[in-house]
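>
Residue numbers (this note's numbering): 21 to 403.
Here it is, written out as structure tokens:
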């Protein structure tokens with residue numbers, strides 16, 4: 021049998037009979053409310069209710085919907101870029117002919133719908149919960165690529181999908197509660213603390229160095245250049261998106277946040293960062309294989325976003341070491357899944373080639389193991 025009480029500070033103390041005595045277990049973050057649980061199943065249900073708030077559930081549903089739309093948009097945009105590249109200058113070579121391709125716009129609209137859902141998810145749930153779920157978009161992308169682009173999904177790719185789902189579930193079950201914020205000015209105070217200002221300065225400096233120094237010389241041969249810009253800028257965009265989402269949520273609940281200049285400052289940052297991400301992600305997709313771009317972008321973007329969220333919102337301050345370690349294990353599981361998906365693509369496209377060891381990214385677009393890093397269209401000389 022099991023019974024317990026709840027302290028005023030939020031801690032739950034469970035007391036149960038074990039052989040010759042009582043064992044005490046403290047769960048949570050003192051009026052003392054006693055309750056009785058008849059079995060372990062009821063205790064698990066109680067623990068779930070304590071750990072998964074209604075806001076977290078809303079954020080979870082929105083994040084899952086977002087992954088479906090964004091995963092589909094990768095495939096549709098890819099087909100649009102191929103069509104546009106056949107009749108004009110490719111995006112990877114500085115062209116913008118894809119803007120006149122209807123199919124690319126269909127993919128773009130699909131992505132916007134997904135990003136709107138993602139935007140709303142950040143208003144309800146912490147970034148540590150929402151961002152890693154982006155791995156599910158890779159699963160959607162891999163399945164649709166198998167069906168539409170005829171990119172074969174091997175058994176290890178299926179295993180990678182399963183690992184992504186398991187890792188995502190682990191993170192969902194142990195995600196921290198959303199920080200209670202009553203005004204966009206509170207978010208601004210968090211964003212202007214020295215630690216986050218230092219992080220933002222490093223990110224902006226690194227992005228400018230990549231854009232103006234490395235992209236002109238290495239953009240066509242080194243995949244990390246384009247993806248580095250997208251990931252660095254993306255970590256700042258997520259923090260601003262979360263701030264803007266909180267402002268809109270509070271405004272719709274009756275507390276107008278549009279009167280504060282901080283709301284419009286975050287809006288400007290979001291617009292700037294999203295446009296930058298979109299531009300360089302298009303270049304990466306048009307220059308390198310989707311199988312290479314998607315997992316690397318996910319790993320870098322998610323890692324930097326989690327780091328930014330930890331610094332700005334101090335998510336881990338409200339969690340126990342066990343929860344933090346479990347979340348990291350879930351994240352590593354997702355990374356393992358994305359790695360398997362990536363290697364599956366290598367098997368499909370480059371397993372028949374003889375391994376060739378080349379320094380870094382060679383000019384013919386092959387990596388260290390003879391894996392085609394660049395799209396074959398990108399290897400042809402431009403007219």
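No residue lacks a Cβ here, since even glycine has one placed at the ideal position from N, Cα and C.
Taking the alpha-carbon positions, what's the residue 240 to residue 130 distance?
One C-alpha to the other measures close to 27 angstroms.
> What is the rounded straight-line gap between the Cα of residue 125 and the Cα of residue 300?
Residue 125 and residue 300: Cα-Cα distance of roughly 17 angstroms.
> Nearest-angstrom Cα distance between residue 157 and residue 314?
The alpha-carbon atoms of residue 157 and residue 314 are separated by roughly 9 angstroms.
> Between which two residues does the alpha helix (DSSP H) harbouring residue 103 extend?
Its alpha helix (DSSP H) spans residues 74 to 107.
> Once the 5 residues before and after residue 216 are set aside, which same chain residues still bring their CB inside 6 angstroms of it?
These residues qualify, in order along the chain: 331, 332.
> Based on the DSSP secondary-structure assignment, which residues constitute the bridge partners of residue 286?
None; residue 286 has no bridge partner.
> Kindly indicate which residue of 137, 92, 269, 107 has the alpha-carbon position closest to the one of residue 202.
It is 269 whose Cα lies nearest to the Cα of residue 202.
> Do you know offhand how far residue 231's Cα is from residue 247's?
Roughly 11 angstroms separates the two Cα atoms.
> Return the residue from the list 225, 271, 296 that minimises the CA-CA distance to residue 204.
When each option's Cα is compared against that of residue 204, the closest is 271.
> Which same chain residues end up closer than 6 angstroms to residue 353 when comparing Cβ atoms and leaving out the 5 residues on each side of it in sequence?
183, 186, 187, listed in sequence order.
> Cα-Cα, which of 123, 351, 238, 77 is closest to residue 308?
When only C-alpha atoms are compared, the closest one is 238.
> Is the number of C-beta pairs between the region 281 to 294 and the region 344 to 358 that are closer than 8 angstroms three or more?
Segments in contact, no.
> To the nearest angstrom, report how far apart residue 280 and residue 138 are at their CA atoms.
Those two C-alpha atoms are separated by around 24 angstroms.
> How should residue 296 be labelled, buried or exposed, when 16 other C-beta atoms within 10 angstroms of its C-beta is the threshold for buried?
Residue 296 comes out buried.
> Taking the straight line between their C-alpha atoms, what separation do you get for residue 288 and residue 278?
Distance between the alpha carbons of residue 288 and residue 278 is about 13 angstroms.
> Rounded to whole angstroms, what's the CA-CA distance from residue 227 to residue 152? Just pull it up for me.
Answer to the nearest angstrom: the Cα atoms are 23 angstroms apart.
> Could you tell me which of 209, 166, 140 sits nearest to residue 78, measuring between CA atoms?
Considering only alpha carbons, the answer is 140.
> Residues in the same chain with beta-carbon distance under 7 angstroms from residue 253, minus the five sequence neighbours each way, listed in chain order, please.
Excluding residues within five positions, the ones whose Cβ falls inside 7 angstroms are 227, 293, 296, 297.
> Please classify residue 142: is it buried, with 16 or more other beta-carbons within 10 angstroms of its beta-carbon, or exposed?
Burial call: buried.
> Buried or exposed: residue 218, going by 16 or more other Cβ atoms within 10 Å of its Cβ?
Counting Cβ neighbours within 10 Å, residue 218 comes out exposed, since fewer than 16 surround it.
> Can you tell me the Cα-Cα spacing of residue 167 and residue 189, whole angstroms?
About 26 angstroms.
> For the region 301 to 354, list the alpha helix (DSSP H) runs that are entirely contained and at least 4 residues long, ordered along the chain.
Runs found: 310 to 333.
> With 16 as the cutoff for other CB atoms within 10 Å, does residue 212 come out buried or exposed?
The residue in question, residue 212, is exposed, as its Cβ has fewer than 16 Cβ neighbours within 10 Å.
> Taking the beta carbon of residue 345 as the centre, do at least 16 other beta carbons fall within 10 Å, making it buried, or is it exposed?
Exposed, by the Cβ-count rule.
> On the criterion of 16 or more Cβ atoms from any shown chain inside 10 Å, does residue 175 qualify as buried, or is it exposed?
By the 10 Å Cβ count, residue 175 comes out exposed.
> Mapping the DSSP letters down to three states, classify residue 152 as helix, strand or coil.
Looking at residue 152 - three-state DSSP - the assignment turns out to be helix.
> Apart from the five residues just before and just after residue 235, which ones in its own chain have a Cβ nearer than 7 angstroms to its Cβ?
For residue 235, where only same-chain residues beyond five positions count, the Cβ hits under 7 angstroms are 245.
> By Cβ distance below 8 angstroms, which residues in the same chain neighbour residue 196 in space, the five residues on each side in sequence not counted?
Only 146, 148, 149, 335, 336, 338, 339, 343 meet the Cβ criterion.
> May I have the straight-line CA-CA distance separating residue 49 from residue 76, to the nearest angstrom?
Because the pLDDT at residue 49 is just 48, under 50, the model does not fix this residue reliably, and the value given afterwards should be weighed accordingly. Cα-Cα distance, rounded: 17 angstroms.
> Would you decide whether residue 275 is buried or exposed? Buried here means 16 or more other CB atoms lie within 10 Å of its CB.
With fewer than 16 Cβ atoms within 10 Å of its Cβ, residue 275 is classed as exposed.
> Taking the straight line between their C-alpha atoms, what separation do you get for residue 251 and residue 223?
Looking at the two C-alpha atoms, the distance is approximately 10 angstroms.
> Just the C-alpha distance for residue 358 and residue 165, rounded to the nearest angstrom, thanks.
Approximately 15 angstroms, taken between the alpha carbons.
> Apart from the five residues just before and just after residue 267, which ones in its own chain have a Cβ nearer than 6 angstroms to its Cβ?
Result list for residue 267: 204, 277, 283, in chain order.
> Distance, Cα to Cα, residue 349 vs residue 319?
Approximately 14 angstroms, taken between the alpha carbons.
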